[in-house]
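Reading through the structure tokens given below for one structure.
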Amino acid sequence: MVGWLRTLLLAGLIFWGVTTWQARELVPEQELAPQFRLFARDGQTYSLSDAKGKTLLLYFFAPWCTVCHFSI
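Residue numbers (the numbering used here): 14 to 85.
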């Protein structure tokens, strides 16, 4: 009985933690991204203003992360 109750409590805490974390607002929608420049391997420079009025997706990853590596 105690084991079952402990498992139920743990599952409830995990569920609460996940739903609370997912419900948070990561970045306010009204906040603008700071200006920056990106340098391509071919030497071309890109800036945030080049994408003005367009949808832009930046994907940040860590080179040591295998999941990130395969998702590119």
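Quick reminder that beta carbons are idealized off the backbone N, C-alpha and C, glycines included.
Residue closest to residue i, alpha-carbon to alpha-carbon, out of the options
i: LEU71; options: ALA46, THR79, VAL80 and TRP77; result: ALA46
i: LEU69; options: LEU22, SER60 and LEU23; result: SER60
i: ALA64; options: PRO76, ARG50, ARG54 and TRP77; result: ARG50
i: PHE73; options: GLN57, LEU23 and HIS82; result: HIS82
Assumed close pair residue i, residue j - CB separation to whole angstroms, cut-off 8 Å
i: SER62; j: GLN43; result: Not confirmed; about 19 Å, so no contact.
DSSP bridge partner residues for residue i (one or two, in chain order)
i: TYR59; result: LEU51
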